[in-house]
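S.K.: Residue numbering for the sequence shown follows full-length UniProt numbering, beginning at 1 and increasing consecutively.
Sharing a structure below in structure tokens format, with a few things to ask.
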Amino acid sequence: MQSESPIQSPPFCCRSLLLSGARHNRWSAQLVKCCLLSTGCACYRSYPSPPVSHLIVFFLSQPVVEEKARPIQVVLANDDEHSFELDAAALEKILLQDHIKDLNVVVVSLAGAFRKGKSFLLDFMLRYMHNPVSDAWLGGDDEPLTGFTWRGGCERETTGIQVWSEVFVVDKPDGSQVAVLLVDTQGAFDSQSTIKDCATVFALSTMTSSVQVYNLSQNIQEDDLQHLQLFTEYGRLAMEEIYLKPFQSLMFLIRDWCFPYEYDYGLKGGNKFLEKRLQVKQNQHEELQNVRKHIHSCFSNIGCFLLPHPGLKVATNPYFDGRLRDIDPDFKKELAKLVPLLLAPERLVEKEIGGNKVTCRDLLEYFKAYIKIYQGEELPHPKSMLQATAEANNLTAVAGAKDLYSKSMEQVCGGDKPYIAPADLERCHEEFLQHSVRHFRSVKKMGGEDFCQRYQNQLEAELDEAYVNFSKHNDGKNIFYAARTPATLFAVMFVTYIVSGVTGFIGLSTLAALANLMMGVALLSLCTWAYVKYSGEFREVGTFIDLVAETLWEQVLKPLSEQYMEDNVRQTVVNSIKASLTEQVSQQTKLKTH
């Protein structure tokens, strides 16, 4: 009997395919043969051909190497075009895993300004999720911090939106299972992002998360609240339906809190501090009241946690790698309270949209729908406070200048003013336009000369449009202009009547019938026009008749009348010259005879 060939380790291309099949219990003898004998794989020529049973034993003995969990970027940022794109395939790989795709999802997201330690904090959340039952989940003193990429320095690290590839399945106290997803976002207000970029990332993370952690430094300033108002409103605009409170939980996380003597570290002191910051007072300016009311109207639950500074070694050591021994004890103490507050099984907040629980499968579809909205042009573009103020300032100046022009023109050709010659009206228009432009330029405006010039050009264009309307209104007061349509129709009837009579007399009956038809159409049009003007009904028909009559007047009757008048004037001039010359000759003849 021929000895069987020893089993050798197959090349990587075949081995990866076979191991993938074995991992999912989908391999078979046919799969093994296809892998080794496929002409698409060059290794089959040199690889020995032992019996399939030996191959199966060999591959069953191979350890299955699981892919290491890592952050996956699911929303990609394009810095050149300032746009965002969803990596649907990467998100599907995470959310459509068989064991979690139908579970209700809990999404914890961190958002805020760049270089404020969001990724650093998320890595401690990962430690908790890997060891939630132990009090020592923070890890050893000399254990480097791994997970989401982070580093010290002043330049941004995270772009777009990243999701941890491992979705954690957690048993809740009521016996149900949920899938927990950790999300990291691009920091706001870096030197490469526009206000629209920041608003899009914050809005997307808020719309898709069940708990949004708003990461701030040292305090809650008024501009922090105004940016939160802008970003959440941008998210609310993108939602198809507006619910009473469209978003779920918001946690203000104040890092590097320096006033524990006023408000203690942690949740209790944070909530007291937040209550004072978000309090609406009667003596507050309306703008400040609106910001606070808007935030309360957007979130079902709002909290605040005060976290101390992690220590100088963390802030200043370029080689800091997250070891606990380098972190301040107060920070570690409060961190051990914060993370379970967000991720303990009894504290988990399941994602809901419109009152319905969202599964991992559903979340994928919401991501696709929301990113499509932000890729379109339906939503207004958020602007910086300076740009928005400058636009409002210039638009106010434009409105004032237009009002000045309208009032001046009303004094000349308003509703109760008589008809004015078109040349005089145009002269008044030019005078009032220049006066309005001077008024616009005299108003103090923000934005600079080039920015204001765009609005001056807009003003001039709008005033030219207004002049066209004033000119039409003035023409309507001209009795001859108002009578142009009936006069034209009468002229058409008269001409066709003469043509009909002449052609009928000389025996051209076809032309006579055609002339009679045109005369009948003109007569019917005249009667219809008169009814429209009297009753005000069928205005579209009246407008069409006016348009046809005006075309006939401009293209036929007016040129003919002008030509006729020109010929008459020319003939009159010639006759006058002849008469003058004849008179001069006669006088000279008389002088000679005398």
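Ideal placement from N, C-alpha and C gives every residue a C-beta, glycine not left out.
Note that the coordinates shown come from a computational prediction; the quantities given were computed from them, not determined experimentally.
So, with DSSP's three-state summary, where would you put ASP224?
M.R.: Three-state DSSP puts ASP224 in a helix.
S.K.: Across the region 335-349 and the region 122-130, are there enough close Cβ pairs to call them in contact, namely three or more that are closer than 8 Å?
M.R.: With a cut-off of 8 Å, the region 122-130 and the region 335-349 count as touching, because enough Cβ pairs lie within range.
S.K.: Quick check on THR359: does DSSP put it in helix, strand or coil?
M.R.: Here THR359 sits in strand by DSSP.
S.K.: In the structure shown, what three-state DSSP assignment does VAL437 receive?
M.R.: VAL437 falls in the helix class under three-state DSSP.
S.K.: Quick one: what's got a C-beta closer than 7 Å to PHE440's C-beta in the same chain, skipping five residues either side?
M.R.: Result list for PHE440: ALA397, VAL398, ALA401, GLN456 and LEU459, in chain order.
S.K.: Taking its Cβ as the centre, do 16 or more other Cβ atoms sit within 10 Å of LEU524, making it buried, or is it exposed?
M.R.: By the 10 Å Cβ count, LEU524 comes out exposed.
S.K.: Select from LEU103, HIS285, VAL180 and GLN226 the residue whose C-alpha is nearest the C-alpha of HIS294.
M.R.: Of the candidates LEU103, HIS285, VAL180 and GLN226, the one whose C-alpha sits nearest the C-alpha of HIS294 is GLN226.
S.K.: According to DSSP, which residues form a beta bridge with ARG255?
M.R.: The partner list for ARG255 (beta bridge, DSSP) reads SER217.
S.K.: So for ASP184, helix, strand or coil by DSSP?
M.R.: In this structure, ASP184 counts as strand in the three-state DSSP scheme.
S.K.: May I have a chain-ordered list of the alpha helix (DSSP H) segments no shorter than 4 residues that lie completely inside the region 416-479?
M.R.: If we require 4 residues or more, the alpha helix (DSSP H) runs fully inside the region 416-479 come out as 422-442 and 449-475.
S.K.: Please look up how many angstroms separate the CB atoms of VAL169 and ILE100, rounded, as I've assumed it's under 8 Å.
M.R.: The Cβ separation is near 6 Å, so the contact holds.
S.K.: Name the two residues that bound the continuous beta strand (DSSP E) containing PHE299.
M.R.: That run of the beta strand (DSSP E) goes 299-306.
S.K.: Can you check which of these residues, ILE327, VAL468 and ASN474, is closest to GLY140 by C-alpha distance?
M.R.: Of the listed residues, the one whose Cα sits closest to GLY140 is ILE327.
S.K.: GLN289 and PHE247: beta carbons closer than 9 Å?
M.R.: No.
S.K.: What residue range does the beta strand (DSSP E) around GLY140 cover?
M.R.: Premise fails: GLY140 is in no beta strand (DSSP E) and is neither H nor E.
S.K.: Which class does ILE161 belong to by DSSP, given the choice of helix, strand or coil?
M.R.: Of the three classes helix, strand and coil, the one that applies to ILE161 here is strand, per DSSP.
S.K.: Which value, in whole angstroms, describes the spacing of the CA atoms of GLN587 and PRO559?
M.R.: Straight-line Cα distance between these residues: approximately 42 Å.
S.K.: Could you tell me which residues DSSP puts in a beta bridge with VAL108?
M.R.: The partner list for VAL108 (beta bridge, DSSP) reads LEU182 and VAL211.
S.K.: What is the DSSP secondary structure of ASN78, reduced to helix, strand or coil?
M.R.: Looking at ASN78 - three-state DSSP - the assignment turns out to be strand.
S.K.: I'd like the span of the beta strand (DSSP E) that includes ASN171, first residue to last.
M.R.: Sequence inspection shows Asp at residue 171; the Asn mentioned does not correspond to that position. ASP171 -> beta strand (DSSP E) spans 168-171.
S.K.: What's the C-alpha gap between PHE143 and TRP137?
M.R.: The question names Phe, but residue 143 is Glu in the sequence shown. The straight-line gap from Cα to Cα measures roughly 12 Å.
S.K.: Looking only at C-alpha atoms, which of PHE305, PRO310 and ASP321 sits nearest to residue 597?
M.R.: This structure does not reach residue 597, given that the chain is present from 1 up to 594, and the question cannot be answered.
S.K.: Assign GLY266 to one of three DSSP states: helix, strand, or coil.
M.R.: In the structure shown, GLY266 sits in a strand (DSSP, three-state: E or B).
S.K.: Ends of the alpha helix (DSSP H) at LEU514?
M.R.: Looking at the DSSP string, the run of the alpha helix (DSSP H) that includes LEU514 is 509-535.
S.K.: Please report the straight-line C-alpha distance between PHE505 and GLU426, rounded to a whole angstrom.
M.R.: The straight-line gap from Cα to Cα measures roughly 51 Å.
S.K.: Return the residue from the list VAL349, ASN219, ASP184 and THR496 that minimises the CA-CA distance to PRO173.
M.R.: Considering only alpha carbons, the answer is VAL349.
S.K.: Can you tell me the Cα-Cα spacing of ASN583 and ASN575, whole angstroms?
M.R.: One point to set straight first is that residue 583 is Glu, not Asn, in the sequence displayed. Going from the Cα of GLU583 to the Cα of ASN575 covers about 12 Å.
S.K.: Determine the closest residue to ASP256 out of GLY311, GLN411 and GLU166, with distance taken between C-alpha atoms.
M.R.: Nearest of GLY311, GLN411 and GLU166 to ASP256, Cα basis: GLY311.
S.K.: What's the call for LYS368, buried or exposed, on a 16-neighbour Cβ count within 10 Å?
M.R.: When all chains shown are included, LYS368 counts as exposed.
S.K.: Could you tell me the alpha carbon to alpha carbon distance between VAL183 and ASP403, rounded to whole angstroms?
M.R.: Cα-Cα distance, rounded: 52 Å.
S.K.: Once DSSP output is grouped into helix, strand and coil, what is the label at GLU350?
M.R.: Three-state result, GLU350: coil.
S.K.: Leaving aside the five residues before and after GLY447 along the sequence, list all residues of the same chain whose C-beta is less than 6 Å from its C-beta, in chain order.
M.R.: Hits under 6 Å: ALA390.
S.K.: Using three-state DSSP, classify LEU237 as helix, strand or coil.
M.R.: LEU237: helix per DSSP, three-state reduction.
S.K.: Going by beta-carbon coordinates alone, are VAL74 and GLN162 separated by less than 9 Å?
M.R.: Going by C-beta atoms, VAL74 is nearer than 9 Å to GLN162.
S.K.: Hey, would you say PHE259 sits closer than 9 Å to ILE302, going by beta carbons?
M.R.: No, the Cβ-Cβ distance between PHE259 and ILE302 is not below 9 Å.
S.K.: Assuming THR503 and ALA512 are in contact, meaning their beta carbons sit under 8 Å apart, how far apart are those beta carbons, in whole angstroms?
M.R.: The pair is a contact, with the Cβ atoms about 4 Å apart (cut-off 8 Å).
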